[in-house]
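**Q**
In our numbering, the protein residues as written are 49 to 355.
1. So, helix, strand or coil for residue 252, using DSSP?
2. Hey, which unbroken runs of the alpha helix (DSSP H) at 4 residues or more fall wholly within the region 75–162?
3. Let's see if you can read the secondary structure: which residues bound the alpha helix (DSSP H) around residue 296?
4. Taking all protein chains shown into account, decide if residue 324 is buried (16 or more other Cβ within 10 angstroms of its Cβ) or exposed.
5. Are at least three pairs of beta-carbons, each pair with one atom in the region 259–277 and one in the region 309–320, less than 8 Å apart?
6. Does residue 164 pass the burial test, meaning 16 or more other C-beta atoms within 10 Å, or should it be called exposed?
7. Ends of the alpha helix (DSSP H) at residue 240?
8. With a cut-off of 8 Å, do at least 3 Cβ pairs link the region 326–340 to the region 236–254?
9. Where do the N-terminal and C-terminal ends of the alpha helix (DSSP H) with residue 348 fall, by residue?
10. Just list the alpha helix (DSSP H) runs in the region 176–232, keeping only unbroken ones of 4 residues or longer that don't cross its boundaries, in chain order.
11. Taking DSSP as the reference, what is the three-state secondary structure of residue 170?
12. Do three or more CB pairs link the region 287–305 to the region 101–114 at distances below 8 Å?
13. Under three-state DSSP, which class holds residue 284?
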């Protein structure tokens, strides 16, 4: 093989490896929305969707770094090719049966629709074929580096960005509302008109410009959608300008739920300034209070299924 061909193949291999690593990092930056996207496919429950999301990120980090370092090259190459084929077939399904503006292959910072992502994957598959006949790179400390990369690839998505279920188990901070202020809210004309004192409801206190409020709204909307819950049982109490509220609804695709404006001072007093806050109410009485991480699919379904 000529020196030029060797250099070209080296560049291709490093670029593919970097592409995988960049893809993983971009997913980490928007991990919440990546989890919600996987959950929205309705293949898995929310907890397992979070696990799958982190497995994808860990695999991309590991395969990308192993390609660059030429560690276990042949198994790495085959796994990378298999991953690209599976992802491409999945994107074909998404392109045919869903209307997704962003398939989250590169997170939220770089939006790619399924069609363009399929093109990207096909280019990567062709490039992978060009570097198929390569061998391991032998160097001192190769085993130690391989183990370190494996540990780091798993630790970054799972340990540094733990799943919500682990947060719920180990978090000692109890989400609260000011019960006196909440009781006043339940007695005012807005709450009375909504008849929130009869039956089970989830009341979300949100700020229209809050990033985490938007993520939480998308999350609970997907829980309602996937479990076919009654949309009238979810009420968003939101503060912000009319324009920002409309933008909030469009971004989170929650136009089908009840929105009520709330004075920001009143909202701040009720939830101690913590947005988002979701209050689970049974016949006007608070049963549970949750933030973004505390929203649980199983509890929400069971709570709203009660008579």
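Beta carbons: idealized from backbone N, C-alpha and C, even for Gly.
**A** Based on what the coordinates show:
1. If DSSP states are grouped into helix, strand and coil, residue 252 belongs with the strands.
2. Correct list: 79–88, 94–117, 121–145.
3. Unbroken alpha helix (DSSP H) run through residue 296: 290–300.
4. Residue 324 should be labelled buried.
5. Because the criterion of three Cβ pairs below 8 Å is not met, the region 259–277 and the region 309–320 do not touch.
6. Exposed is the call here.
7. Counting along the chain, the alpha helix (DSSP H) containing residue 240 begins and ends at 237–242.
8. When C-beta atoms of the region 326–340 are compared with those of the region 236–254, three or more pairs fall below 8 Å, so the two segments count as touching.
9. Where residue 348 is concerned, the enclosing alpha helix (DSSP H) stretches over 345–353.
10. Here the runs fully enclosed are 190–203, 212–218.
11. Three-state DSSP puts residue 170 in a helix.
12. The answer is no - the region 101–114 does not touch the region 287–305, with fewer than three Cβ pairs under 8 Å.
13. In the structure shown, residue 284 falls within a strand segment according to DSSP collapsed to helix, strand and coil.
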